[in-house]
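For the sequence shown, the positions run 1 to 402 when UniProt numbering is used. Right, one structure below, let's go through it.
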Amino acid sequence: MSKPKVVVLGAGYAGLVTVRHLTKKLSQEEAEIVLINKHNYHYESTWLHEVAAGTLTPNQARFMISDVVNPNRVRLVYDTVVEINKDEKRVVLENSEVTYDYLVIALGFVTNTFGIKGMEENAFFIQDIDSSRLIAEHIEYQFAKYSAGEITDDEALNIVVGGGGFTGIEFVGELVEEVPRLCKKHDIPRNKVRIINVEAAPSILPMFDKDLVSYAIQSLESRGVEFRMGAAISECTPEGFVVGEDKELIKGGTVVWTGGVTGSPVLGKSGFELVKGKVNVDADLRIQGEEDIFALGDCSWVMNKETGRPYPPTGQLATQEGVVAAENIAALIHNAPLKDFVFSDKGTVASLGLTDGIGNIFQGTKIKGKSAAAMKKVVDDRTLFLVGGAKTVVKKGKFRPF
């Protein structure tokens with residue numbers, strides 16, 4: 001009898017942690033493990049806003065998959081997933097196909113424009129390494145053209161960011177660090193450049209208490225960020241965002257949308273039942289109604305039994321899911337009981353630039369300022385350790401105590 005084949009789709013937080021734990025739980029004789037990813041590298045998706053702002057290079061935010069996964073133990077396939085045929089237990093790729101006995105769908109997110117007119121065509125998205133690098137390059141290109149006199153309109157220097165959630169606010173926090181450097185490099189007065197955050201809700205960062213949000217707003221405003229809260233975007237044009245009933249145009253030479261994400265479109269194309277772009281999973285992380293398919297990270301909704309609402313999709317959620325998914329796949333192979341996923345909330349920290357931030361840690365302890373910024377680096381490095389191990393932290397880690 002042939003050994004079971006476990007196929008993991010995606011080498012993000014959830015997928016990579018699943019594979020690393022599967023290699024610990026199952027011997028080479030017990031299971032064949034296949035990891036399929038579009039690129040030969042993993043990138044830290046929670047660092048993409050730094051790449052987009054230009055405060056972190058693309059290579060700092062990624063590492064080679066083969067550096068943390070033994071290719072002699074795990075078959076690495078670098079290809080794009082097109083569709084999943086669950087009836088035939090087959091994954092269709094752009095250049096080949098792979099069969100499976102057990103499947104883990106961890107394909108990550110794509111940007112959700114919520115059908116806003118022109119957003120897909122005219123805005124930049126912080127979606128992956130390449131799209132984030134493009135934003136940083138475009139911002140500097142605008143500065144260079146202005147400095148050279150190729151463009152004379154000051155509004156071409158404006159950076160307009162749609163969305164006041166985690167990504168949007170952390171992005172503008174990086175921009176307040178990077179814009180002064182660019183101004184000095186291109187000999188442009190700092191007051192010529194506007195950083196504008198546009199949010200439809202009455203406030204930003206809904207996951208934090210009001211006092212921490214007030215601190216974040218005050219901190220960013222003091223460093224040049226303008227907030228337009230309660231301003232719903234009805235359209236994105238080549239010139240900027242159209243907001244409000246009076247159709248005001250907020251102009252920008254760089255327009256970035258960070259207002260939402262949804263699960264990989266492969267889910268819908270493969271016939272899975274979607275709820276707001278993702279699949280619902282049972283407590284053991286298997287897709288409802290499926291015996292051999294797990295869905296993790298941004299592809300699934302995991303319900304919090306206490307609140308009756310799904311857990312918000314975060315890096316720490318994805319890494320914890322990866323551990324449980326690996327344990328449950330090993331249990332299926334060994335005919336052992338499966339365990340329910342229980343999220344252990346380690347807290348939430350948002351950066352507001354290099355030396356500032358806000359956070360809730362240790363079951364309700366609030367932090368802000370430099371201590372929050374330092375904690376954010378610790379959190380980033382902890383996640384990096386979980387997906388890549390100690391050597392990766394030494395190479396790529398952010399926290400430098402000395």
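Where a beta carbon is used, it is the ideal one built from N, C-alpha and C, also for glycine.
- Around the CB of residue 362, fewer than 16 other CB atoms lie within 10 Å, so the residue is classed as exposed.
- Under the DSSP assignment, residue 334 falls outside any alpha helix (DSSP H); it carries neither an H nor an E label.
- Here residue 66 is not bridged, per DSSP, to any residue.
- The DSSP-derived three-state label of residue 271 is coil.
- Residue 307 sits in coil when the DSSP states are folded into three classes, being neither helix nor strand.
- Sequence-distant Cβ neighbours of residue 192 in its own chain, meaning closer than 7 Å and more than five residues away, are 154, 157.
- Residue 145 and residue 139 have their C-alpha atoms spaced approximately 10 Å apart.
- Residue 383 has no beta-bridge partner at all, per DSSP.
- With a threshold of 16 other beta carbon atoms within 10 Å, residue 12 meets it and is buried.
- Taking residue 341 as reference, the option from 281, 312, 176 with the minimal CA-CA separation is 281.
- Residue 313 and residue 30 have their C-alpha atoms spaced approximately 32 Å apart.
- In this structure, the CA atom of residue 75 is about 14 Å from the CA atom of residue 97.
- Counting only residues of its own chain and dropping the five nearest sequence neighbours on each side, residue 109 has a CB closer than 6 Å to the CB of 261, 298.
- Check the Cα spacing between residue 277 and each of 268, 317, 352: the tightest is with 268.
- Between residue 132 and residue 58, the C-beta spacing is below 9 Å.
- Distance from the CA atom of residue 319 to the CA atom of residue 121, rounded to whole angstroms, is 33 Å.
- By the neighbour-count criterion, in which a residue is buried when 16 or more other Cβ atoms sit within 10 angstroms of its Cβ, residue 148 is exposed.
- In the structure shown, the three-state DSSP call for residue 35 is strand.
- Residue 275 and residue 294 have their C-alpha atoms roughly 16 Å apart.
- If you draw a straight line from the Cα of residue 32 to the Cα of residue 383, it is about 26 Å long.
- Residue pairing for residue 29: DSSP places it in no beta bridge.
- By the criterion of a C-beta distance shorter than 8 Å, residue 395 is surrounded in its chain by 63, once the five residues flanking it on both sides are discounted.
- The beta carbon of residue 326 sits closer than 7 Å to the beta carbons of 18, 21, 22, 25 from its chain, once the five residues preceding and following it are set aside; these are given in chain order.
- Counting only runs of at least 4 residues, the stretch 136-191 fully encloses the following alpha helix (DSSP H) elements, listed from N- to C-terminal order: 166-186.
- Cβ atoms of residue 107 and residue 264 come within 8 Å of each other, at about 4 Å.
- Residue 321 is not a Cβ neighbour of residue 86, given a cutoff of 9 Å.
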